[in-house]
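Engineer: This structure is in structure tokens; I'll ask about it shortly.
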Amino acid sequence: MKYNFQEIERKWQERWEKDELYTVPDFSPSPKYYCLEMFPYPSGKLHMGHMRNYAIGDVIARSKTMQGYNVLHPMGWDAFGLPAENAAIKHGNIHPADWTMENINTMRQQLKQLGFSYDWRREFATCHPGYYKWTQWLFLQFYHRGLAYKKKAAVNWCPSCATVLANEQVKEGVCERCKHEVEKRELAQWFLKITAYAKRLLDDLRQLKGWPDKVKIMQEHWIGRSEGVKIKFKVEELAEEIEVFTTRPDTLFGVTYLVLAPEHPLVEKLLAGKEQAEAVCSFIRRVRNLSEIMRTATTVEKEGIFTGAYCLNPLSQEQIPIYVANYVLLEYGTGAVMGVPAHDQRDFEFAHKYKLPVKVVIQPVNLKGTEVDSLTAAYLDEGVMVNSGPFNGLPSEKGKKAISEYLEVKGLGCRQVNYRLRDWLISRQRYWGAPIPVVYCTKCGQLPVPEKDLPVLLPRKVAFKPTGQSPLADCAEFLHTTCPKCGGPAQRETDTMDTFICSSWYYYRFTCPREEKGPWDKKKVDVWLPVDQYIGGVEHAILHLLYARFFTKFLYDIGLISNTEPFTNMLTQGMVLKDGAKMSKSKGNVVSPEEMINAYGADTVRLFVLFAAPPERDLEWSEQGVEGCSRFLNRVWRLVTAKWDLQNISSGKRKAEPKGINQTIRRLTHQTIKKVTEDTTQRFNFNTALSTIMELVNALYQYKEVPETDREPEVAKEALESVLLLLAPFAPHITEELWELTGHQESIHKQAWPTYDPTLIVEDEITIVVQVNGRVKERMLVPANLSANQMQERVLAHPRVQQIIAGKEINKVIPVPGKLVNIVVK
RNA sequence: GCGGGCGUGGCGGAACGGCAGACGCGCUGGACUUAGGAUCCAGUGGGUAUCCCCCGUGCGGGUUCAAAUCCCGCCGCCCGCACCA
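Here's what the structure looks like:
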């Protein structure tokens, strides 16, 4: 009988669905395990990245199930988003909802073809009103606590996507989705106050022992905590103060100028009546017209201009000129910085360009004197304070504290912790998203939509035009409503929410996807959460993963959940490459999962993506590698279907202790179980797990050739069944078929994961290595249980070893039990 | 510039500080066959005097009886951040 993957895979997929094999109960006496892969955006068809992500998750889910866990393994759709709307704009006759549903249907069918063990009853799409009702409801929870607010700000605008973007969605000055250059626009937009959680998001990273360091470091950097002091500088001739933020208060006496961001609100006042006013204004206009990418590139030279105004150093009372410059950002700190050319590289360059004085106030400890003229770069390290009045002689670290305290006492400043993280801009000027549930009444102003009126439904009939304004603004039926307070005429907010909001809470919804009384049933959420293992691409390290953590902390605070972190363990899988590059249409190196499944079968393709590389590493696609996996499955098929007569072997007790080849095979079986268990369920090194199974299969091919009378049927049965059980999470269809063919009634996927007997894996004889001066010279077969001394004796008595070391003086002998003996000679 | 990761045969990749190259691909030879792009068997890091020895994990040092693995300094590639005061 030949291995017919088409037939087998179809047969079992139907059977599993009919038997509801992957339906998981919410409450069970077994320990729970929540295995989750990042749900996909339904972009059209499944790609290799999805395939790899879900193959990894499926092995974990299946092996944990076999280990006796009650495993939640769901799948759904991150279904709101730009591509659907762009398709509508481009093709005109297709509605985003229909486009999305079509894609979902295609991709669901593909996922089913791959035989993943999802509990499909829990499937949902975030664009369904039953889901986004609760997305809106959650927005209101933020709103009621002052954590969702609207403000006018200079925001990132992508002209190509015709919408604003969050900071996290801008990479190197370009839109991370379409790579178009991002502009700054002054707009009133909705924000979520993620900055209120900056400290906890940072501090709790330490709890995440099961996350890759790389991701934690990226988040830490993104949150960007820094300790410093906010210092007030009095403006001359005006009753105004300029606040600056600095991490180097110890250099306060070295300030020779002050710089404001071009957008700083005080600039206008400072310029009033100054002859410089016109020049400064034109400079500011020029800078603000630059795109984000031009403005922030480090290669761009620092440029600035004197405002004509001065302020006073709060400690020395020196007169300090005030500049405006392109390198100061309004959004960070106070939007103003003190210039200390001697001890900050940017200030150093700026001062040289504009001939500003350089004043050394920190002296390196081991050098006599630092001459200003000899400075070729700013001195950034610690040292001793000089030219700093009463603080002279203090080590700079102590000086930081001393000056901070002095400023605080005098009311001239205060210590402050600053974060780089900004609030999350969630408005999008697009149709295909969850409407922000807010109305504007001419009388009562801005009001949240009452919870009883949710969901605010998306109207179906709208015109899709890339106008830069939400299509909802042109939809009278949607726009006009009545005020929930006074009943008068009101207008709806027409912006929709960033789709990252939808994906910030979906993992809670999987516990009760049809819940109508709330976003979820807390009893069920408390059973399943946190997610035990989350799997996805590293590209979400600071987008989705940070937002999800933020939501979780907020939901915890308002009592909706009991966990403070969403994902206990995180696995970031590598990319799938072809010819050394990421698969992409433009490079023309895309391999479609669909074609591969048709040509080789789901089991083979799954096996390949798991075998070709460990999960975190990038994977190079190789069709020859796929063929190798196909060959292996055929080998397994022929091995198991060979004439072993397994059905007639009782799995009861063995008659006698197996000897010789039978003992070897049994030992290898148990050794394989041990290694595959570790690699599959603990280390997630599926490639080595599979190679270990291959080795057992290879050995069994040898065993098959042993005369039947010399083989013990129980040994064969145990070995073959172990191969099937260990392989079942990787190749679920073929193992299920072979399990049935070998006389089993119940699904292989309901069997317990095999366990090994530690006493059976022990070797009685091992090959040890004899080294002379660290080089391998000889191998010896010795009893495994020899002590170090016994090993040493045996090795030194060995004729071949004596020959090698003849005439040499033995300095030392290092025996390592079970491994080797190293003889050090002169 | 800063941060992180990675450099091992022809290729993908294995190796608790202890036999470098498991497993797979490719290649070579053989068997079976009308045929083989199926299957099975054997070989496969380099050098070489070819069952003997030498050299070999990006490069250069160091620690150790012993280093792909640990430490220091370079080089190369990939990813992330990017004037954050």
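For the first sequence, our numbering assigns the number 291 to the initial residue and increments by one for each residue that follows.
The beta-carbon is built from N, C-alpha and C at its ideal position, and this holds for glycine as well.
The model shown is predicted, which means the values in this text are computed figures rather than measured ones.
1) Rank G366, Y408, K949, Y344 by C-alpha distance to the C-alpha of L1050 and give the top, closest one.
2) Counting along the chain, where does the beta strand (DSSP E) carrying V614 start and finish?
3) Quick one: grab the DSSP three-state call for S516.
4) Closer than 6 angstroms by C-beta to Y293: which residues in its own chain qualify, once you throw out the five before and the five after it? Chain order, please.
5) Using beta-carbon positions only, say whether I693 and P539 come within less than 7 angstroms of one another.
6) Under a three-way DSSP split, which group does V1072 fall into?
7) Can you list, in chain order, the residues of its chain whose CB lies under 6 angstroms from that of L285, leaving out five sequence neighbours each side?
8) DSSP three-state call for K877: helix, strand or coil?
9) Would you decide whether V739 is buried or exposed? Buried here means 16 or more other CB atoms lie within 10 Å of its CB.
10) What residues in its chain sit with their C-beta under 6 angstroms from that of V314, if we drop five residues either side in the sequence?
11) According to DSSP, is N343 part of a helix, a strand, or is it coil?
12) Give every residue of the same chain whose Cβ lies closer than 7 angstroms to the Cβ of L744, excluding the five residues on either side of it in the sequence, and list them in chain order.
13) Would you check whether the ligand MG has a heavy atom nearer than 6 angstroms to the C-beta of Y1046?
14) Give every residue of the same chain whose Cβ lies closer than 6 angstroms to the Cβ of K483, excluding the five residues on either side of it in the sequence, and list them in chain order.
15) Only counting the same chain, and skipping five residues up and downstream in sequence, which positions put a Cβ closer than 6 angstroms to that of T485?
16) Label Q479 either buried or exposed according to how many other C-beta atoms from any shown protein chain fall within 10 Å of its C-beta, with 16 as the threshold for buried.
17) Are the region 394-404 and the region 822-834 in contact at 8 angstroms, needing three or more beta carbon pairs?
18) Name the two residues that bound the continuous alpha helix (DSSP H) containing Y408.
19) Can you tell me which residues form a DSSP beta bridge with A871?
20) Note down the Cα distance separating L747 from D785, rounded to an integer number of angstroms.
21) May I ask you to report which of helix, strand or coil DSSP gives W927?
22) Among the residues of its own chain, which have a CB less than 6 angstroms from the CB of D637, if the five just before and after it don't count?
23) Would you decide whether R782 is buried or exposed? Buried here means 16 or more other CB atoms lie within 10 Å of its CB.
24) Ignoring anything shorter than 3 residues or poking outside the region 296-366, list the beta strand (DSSP E) runs there in chain order.
25) Buried or exposed: which applies to R896, given that a residue is buried once 16 or more other Cβ atoms fall within 10 Å of its Cβ?
26) Out of Y344, V534, E375, K812, which one is the CA nearest neighbour of P364?
27) If you drop the 5 nearest sequence neighbours on each side, which residues of the same chain put their C-beta closer than 6 angstroms to that of S852?
28) Using 7 angstroms as the threshold, is the C-beta distance between T546 and P647 below it?
29) When you compare the CB positions of I1058 and L986, do they come within less than 7 angstroms of one another, or not?
30) Please state the DSSP three-state secondary structure of A1042.
31) Flag this pair as yes or no: are the beta carbons of F543 and I532 separated by less than 7 angstroms?
32) Cutting at 8 angstroms between CB atoms, please list the residues of its own chain near F976, excluding the five before and the five after it.
33) Contact check, N1101 vs V1085 under 8 angstroms by CB: the rounded distance?
34) Assess, as a yes-or-no matter, whether the region 368-384 is touched by the region 324-339 under the definition of 3 or more beta carbon pairs within less than 8 angstroms.
35) In chain order, what residues of the same chain have a beta carbon less than 7 angstroms from the beta carbon of D494, not counting five sequence neighbours either side?
36) Would you kindly report the start and end of the unbroken alpha helix (DSSP H) that includes H642?
Structural biologist: Judging by the given coordinates:
1) Taking only the C-alpha atoms, the option nearest L1050 is K949.
2) For V614, the uninterrupted beta strand (DSSP E) run begins and ends at 609-615, by DSSP.
3) DSSP, read as helix, strand or coil, puts S516 in strand.
4) Closer than 6 angstroms at the Cβ level, and outside the excluded window around Y293, lie N924, W927.
5) Going by C-beta atoms, I693 is nearer than 7 angstroms to P539.
6) Correct three-state label for V1072: strand.
7) Nothing about residue 285 can be reported from this structure: the residues present for the chain run from 291 to 1116 only.
8) In this structure, K877 counts as helix in the three-state DSSP scheme.
9) When all chains shown are included, V739 counts as buried.
10) Closer than 6 angstroms at the Cβ level, and outside the excluded window around V314, lie L362, D409.
11) Of the three classes helix, strand and coil, the one that applies to N343 here is helix, per DSSP.
12) Here the set comprises K423, Q426, W427, P727.
13) The ligand MG is absent from the structure shown, which contains no ligand whatsoever.
14) Sequence-distant partners of K483 (beyond 5 residues in either direction) whose C-beta falls short of 6 angstroms from its own C-beta, in its chain, are L437, D713.
15) Taken in chain order, the residues that qualify are L711, D713.
16) With a threshold of 16 other beta carbon atoms within 10 Å, Q479 meets it and is buried.
17) Between the region 394-404 and the region 822-834 there are fewer than three C-beta pairs closer than 8 angstroms, too few to call the two in contact.
18) In the DSSP assignment, Y408 falls outside any alpha helix (DSSP H) and carries neither an H nor an E.
19) In the DSSP output, where bridge partners are listed per residue, A871 has K868.
20) Rounded to whole angstroms, L747 to D785 spans 13 angstroms at the Cα level.
21) Reduced to three states, the DSSP call for W927 is helix.
22) So the list reads G629, V630, P631, once near-sequence residues are dropped.
23) With 16 or more Cβ atoms within 10 Å of its Cβ, R782 is classed as buried.
24) Here the runs fully enclosed are 322-327, 360-362.
25) Under this definition R896 is a buried residue.
26) Of the candidates Y344, V534, E375, K812, the one whose C-alpha sits nearest the C-alpha of P364 is Y344.
27) So the list reads D816, once near-sequence residues are dropped.
28) Yes, these two residues count as a Cβ contact at 7 angstroms.
29) At the C-beta level, I1058 and L986 stay beyond 7 angstroms of one another.
30) The answer is coil: DSSP assigns A1042 none of H, G, I, E or B.
31) Taking 7 angstroms as the cut-off, the Cβ atoms of F543 and I532 do not count as close.
32) In the same chain as F976, and ignoring 5 residues on each side of it, the C-beta atoms closer than 8 angstroms to its own belong to I346, V349, L900, F901, P904, P905, D969, T970, F1020, in chain order.
33) About 15 angstroms; that fails the 8 angstroms criterion.
34) Cβ pair count under 8 angstroms is three or more, so yes.
35) In the same chain as D494, and ignoring 5 residues on each side of it, the C-beta atoms closer than 7 angstroms to its own belong to T854, E855, in chain order.
36) Run containing H642: 635-643, per the alpha helix (DSSP H) assignment.
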